[in-house]
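J.: My structure is below; once you've seen it, I'll send some questions.
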Amino acid sequence: MSLLRKIYSDSLDKKIIRDTKKKAVEAYSKGHVHLKLGYCEEAMDSYIKAEELWNSLGDIFSSQGMDEEASRSYMQAVDTWFDRSFVLYKMGKNEEALELIDRTLEQQSDNPKIFCSKALILFENENYEDALKCLDNALDLNIEDPGAWCYKGNTLCKIGRYDEALKAYDRSIELSNPQAFQFPRFAWISKSSSSQILPDSAQAWYCKGIALFELERYDEAQKELENLLEIEPDFEKAIELRILCSKKAKSRIG
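Under the working numbering, think of the first position of the sequence shown as 72, with each following residue one higher.
See the structure below:
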């Protein structure tokens, strides 16, 4: 091959790589936008397109002996499975979502976020024991995840292990702060009616308050809810629960 032809070929390859990467990123971003707007079918199509493009890019890199770049591209294709599993959940297809998450875990078994997400679907399916195992797997990988501790507390409550749940909530609160408290994208284990993902320990305080209420420890529950309301004064469900705790505590005295 002449020098001129090699230069032209290399330039063409770089353009193909650049264009393919750009299209993959655009498709992936469109998936997020469609999902946010509630267009699940469109989101699914965009994520599938992104997967195809990332795999194509991986093939290009692999053919040129660029193994590290190829591996990254293939892993980005796998990332789309995780996003698609959430779309499937939103569409009410929990079993399909679980299958896709299991496929993702085969490639990313060291990712605690994926174990949390599997736990959340299992929780939704009322499969609490298996959900708890997944949360323990997540915490084995990242023991300082306040979201996973909070979710573990909620799961333990479902199987009546309240004392352990209270310890899990305490651990979540201990680890929480506005910078570090990050729930996984799949925020499905929540006792709050709000769909907002709270950036601090308010959710854990609220769940702990509910657990104490169910244990009829009303005075303690009130204190936990007061801590919550210092963080989020307009948390309506917490205000309602605190009032109910107060009434219950007074009725005991009366």
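Note that CB positions come from ideal geometry on N, CA and C, so glycine has one too. Note that the structure is a prediction, hence the values are computed from the model and not measured.
By how many angstroms is the C-alpha of Glu-297 removed from the C-alpha of Ile-230?
T.: Cα to Cα, Ile-230 sits roughly 26 Å from Glu-297.
J.: For the alpha helix (DSSP H) that Gln-274 lies in, which residues bound it at each end?
T.: It spans 273-285 - the alpha helix (DSSP H) in which Gln-274 sits, taken as one unbroken run.
J.: What are the start and end residues of the alpha helix (DSSP H) that includes Tyr-145?
T.: Element bounds for Tyr-145: 138-161.
J.: Counting along the chain, where does the alpha helix (DSSP H) carrying Phe-132 start and finish?
T.: Here the alpha helix (DSSP H) through Phe-132 covers 111-134.
J.: Please classify Trp-259: does DSSP put it in a helix, a strand, or coil?
T.: At Trp-259 the pLDDT is 38, less than 50, meaning the model places this residue with poor confidence and gives no usable figure here.
J.: Does the Cβ of Ile-214 have 16 or more other Cβ atoms within 10 Å, making it buried, or fewer, making it exposed?
T.: Exposed, since its Cβ has fewer than 16 Cβ neighbours within 10 Å.
J.: What is the DSSP secondary structure of Leu-193, reduced to helix, strand or coil?
T.: Leu-193 falls in the helix class under three-state DSSP.
J.: Do you know whose CA, among Lys-93, Leu-246, Tyr-160, Cys-316, lies nearest Asp-216's CA?
T.: The option with the nearest alpha carbon to Asp-216 is Leu-246.
J.: How would you write the range of the alpha helix (DSSP H) that Ser-243 sits in, first residue to last?
T.: Segment 233-246, the alpha helix (DSSP H) holding Ser-243.
J.: Near Glu-193, what residues of its chain come up, given a Cβ to Cβ distance below 6 Å and the 5 sequence neighbours on each side ignored?
T.: According to the sequence as given, residue 193 is Leu; it is not Glu. Asp-201, Ala-202.
J.: Can you grab the Cα-Cα spacing for the pair Gln-178 / Ile-172, in whole Å?
T.: C-alpha separation (whole angstroms): 10 Å.
J.: Count the other C-beta atoms from every protein chain shown that fall within 10 angstroms of the C-beta of Glu-311, then say buried if there are 16 or more, exposed otherwise.
T.: Classification for Glu-311: exposed.
J.: Which of the three DSSP states, helix, strand or coil, is assigned to Phe-186?
T.: Of the three classes helix, strand and coil, the one that applies to Phe-186 here is helix, per DSSP.
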